[in-house]
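Going by the UniProt record's numbering, the sequence shown opens with residue 1, and the numbers climb by one from there. All C-beta atoms, glycine included, are put in the ideal place defined by N, C-alpha and C.
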Amino acid sequence: MTDEDSSLSEAPILTLVGRSGSPVTREAEQIVRRQRRCWNLWIASPDEFPFAADDRRAQTDLILFAVDHPDDIGIDVDAAWADAPLTRWLICRADWCDSTGRTRDRWPQSAHVPVSALAARLELEFDVLQNRRTPAAITADRNEVFAFGHPATPASPLQGVTVAWDGPDPTLGESVLAACRAAGAQVATSSVSNADVLLFDGDPWTATRQDALGRLTASVDAPAVVVQFGYLRLHQRAEALALGACAAIEKLVPEQELFDAILSVANGD
Numbered sequence: 001m002t003d004e005d006s007s008l009s010e011a012p013i014l015t016l017v018g019r020s021g022s023p024v025t026r027e028a029e030q031i032v033r034r035q036r037r038c039w040n041l042w043i044a045s046p047d048e049f050p051f052a053a054d055d056r057r058a059q060t061d062l063i064l065f066a067v068d069h070p071d072d073i074g075i076d077v078d079a080a081w082a083d084a085p086l087t088r089w090l091i092c093r094a095d096w097c098d099s100t101g102r103t104r105d106r107w108p109q110s111a112h113v114p115v116s117a118l119a120a121r122l123e124l125e126f127d128v129l130q131n132r133r134t135p136a137a138i139t140a141d142r143n144e145v146f147a148f149g150h151p152a153t154p155a156s157p158l159q160g161v162t163v164a165w166d167g168p169d170p171t172l173g174e175s176v177l178a179a180c181r182a183a184g185a186q187v188a189t190s191s192v193s194n195a196d197v198l199l200f201d202g203d204p205w206t207a208t209r210q211d212a213l214g215r216l217t218a219s220v221d222a223p224a225v226v227v228q229f230g231y232l233r234l235h236q237r238a239e240a241l242a243l244g245a246c247a248a249i250e251k252l253v254p255e256q257e258l259f260d261a262i263l264s265v266a267n268g269d
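This is the structure in structure tokens:
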């Protein structure tokens with residue numbers, strides 16, 4: 001048994017419940033597989049849930065439902081918790097679920113996570129299962145949910161990282177770079193090739209911007225690229241990654257999510 005096989009045998013079990021062919025299910029599966037050292041992944045369709053008592057997937061550490069719209073998967077929440085009271089639960093939401101919490105309240109806020117924030121949330125859930133972090137209570141209010149999802153960080157989280165900006169909006173670029181500089185990053189001014197991470201403005205997501213991204217990532221000395229969108233759609237993320245970007249995030253995320261994305265691509269995660 002290799003070291004990786006050994007680590008996987010001890011890893012928590014994550015069961016992904018989603019419709020085959022669903023965009024958010026595919027995206028969620030890719031995110032979990034990129035964290036393959038952390039999770040043993042099992043997959044199920046909504047028709048198979050709830051699991052029979054002798055189904056190994058009933059003995060999972062975390063169940064992740066992938067939903068494309070608020071009424072996509074009908075689940076008896078009370079029965080689900082009664083059957084697996086020690087299991088962690090997450091509802092991974094697509095763009096059409098942004099109204100959840102305003103027009104729907106089937107699941108508590110602490111269980112919801114947009115697919116764009118799933119990777120970071122899974123890291124927190126892994127820490128919970130390793131007893132390195134206190135979980136958010138299932139009854140947590142919005143402020144408590146936010147605090148759990150955005151833990152305190154060092155005063156200079158970007159210390160040692162050099163960033164650069166490419167985009168048509170100089171005011172936005174100055175604002176983003178100022179935030180990075182305040183977090184300890186160095187700013188490359190002479191050439192983007194001197195940067196560890198390039199923040200690329202994806203708006204407007206036209207053929208011109210896509211060509212510019214492709215040329216940047218194709219260069220030999222290209223830095224890791226994080227593309228920022230005003231409103232990130234799944235097809236934009238897929239297109240940006242296909243053009244060589246390492247990550248894609250929304251512009252209006254909390255600063256810590258921006259810093260997490262920068263650190264992740266700078267470290268090659």
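Rounded Cβ spacing between residue i and residue j (contact assumed at less than 8 Å)
i, j, result
"T15", "T60", "4 Å"
"L213", "A240", "7 Å"
"A28", "L64", "6 Å"
Local conformation of residue i per DSSP, three classes
i, result
"N131", "coil"
"T2", "Because the pLDDT at T2 is just 41, under 50, the model does not fix this residue reliably, and the point stays unresolved."
"A94", "coil"
"A248", "strand"
"T171", "helix"
"V163", "strand"
"A137", "coil"
"L158", "coil"
Other residues of its chain near residue i: CB distance less than 7 Å, five sequence neighbours each side excluded
i, result
"S22", "A66, D68"
"Q30", "none"
Start-to-end residues for the beta strand (DSSP E) that takes in residue i
i, result
"S239", "Reading off the sequence shown, one finds Glu at residue 239, where the question assumed Ser. Looking at the DSSP string, E239 is not in any beta strand (DSSP E); the run it does join, the alpha helix (DSSP H), is 234 to 242."
"A147", "First-last for A147: 142 to 149, but that is the alpha helix (DSSP H), not the beta strand (DSSP E)."
Residue range of the unbroken alpha helix (DSSP H) whose run includes residue i
i, result
"L263", "255 to 266"
"V115", "From DSSP, V115 is part of no alpha helix (DSSP H); its letter is neither H nor E."
Same chain only: Cβ atoms within 6 Å of residue i, ignoring 5 sequence neighbours per side
i, result
"F49", "V17"
"K251", "Q228, G230"
"T162", "Q186, A188, A195, D196"
"A164", "A188, V192, A195, L198"
Neighbourhood of residue i by C-beta, 8 Å cutoff - its chain only, sequence neighbours within 5 removed
i, result
"T217", "V225, L243, G244, A245"
"S110", "A136, A137, I138, T139, A140, E144, V145, F148"
"L124", "R133, F148, G149, P151"
"R88", "D61, L62, I63, E125, V128, L129, P135"
"A11", "R37, C38, W39, N40"
Contact with chain C by residue i, beta-carbon distance below 8 Å
i, result
"P23", "Reference to chain C is not applicable here, since this structure consists of a single protein chain."
Unbroken stretches of the beta strand (DSSP E), 3 residues or longer, contained in the segment 5 to 92: 13 to 17, 40 to 44, 62 to 67
Those runs of the alpha helix (DSSP H) which lie wholly inside the segment 180 to 233 and span at least 4 residues: 207 to 218
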